[in-house]
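Asks: Quick one: structure below, then a few questions.
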Amino acid sequence: QTILVKPAVTTTYSVTTTDLNGCTGSDRVVVTVNPLPVADAGNPVSICKGESVTFTASGGNTYRWSTSANTTVITVSPTINSTYTVIATDIKGCTDIDEVAVQINPVLSVDAGLDVTLCFGQSTAHHGCLSPPCDPSHF
């Protein structure tokens, strides 16, 4: 016979049986409940498009990232908003999952204006522009 148990703490289960001849037998089993690790993939970050970010997992003995990396540290260069998941496994095989988000911000386009040549003592006015939007009324 089989019973399903799901103890919250380490528990000893005993069984005693008697056959048709009146003979008895008994046994016990200890089900040890180990605490789960607490996986930590890092804090959410915002980076500019084209940049990289490094995450360091903690809380376990081994790690498996959604990038397929089996390392504590990963460096990623996402081009769109992304979420990375890590599974932390402790020495007893217990696991926990955490995720971290990366927000991608657009790169600014900067225009300082045209190059100018002038003679010593002369001055010039320069108007730069950030895009988007480039509005000369803000100079």
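Just so it is clear: in the sequence shown, position 133 is 642 by my numbering, and no numbers are missing. We put the CB at the ideal spot given by N, CA and C, even for glycine.
#1: Closest to P615 by C-alpha separation, out of T588, G602 and C628, would be which residue?
#2: Give, in chain order, every unbroken run of the beta strand (DSSP E) that is at least 3 residues long and sits entirely within the stretch 576-647.
#3: Are A548 and D607 close, meaning C-beta to C-beta below 7 Å?
#4: Using the Cβ count rule (16 or more neighbours within 10 Å means buried), how would you classify I512?
#5: By DSSP's criteria, V557 is part of a beta bridge. Which residues make up the other side?
#6: With 16 other CB atoms within 10 Å as the buried threshold, where does G622 fall?
#7: Is P553 buried or exposed, if buried means 16 or more other CB atoms sit within 10 Å of its CB?
Replies: According to the structure shown:
#1: T588
#2: 582-585, 591-598, 604-614, 618-620 and 638-640
#3: yes
#4: exposed
#5: Reading off the sequence shown, one finds Cys at residue 557, where the question assumed Val. Its beta-bridge partners are N614.
#6: exposed
#7: exposed
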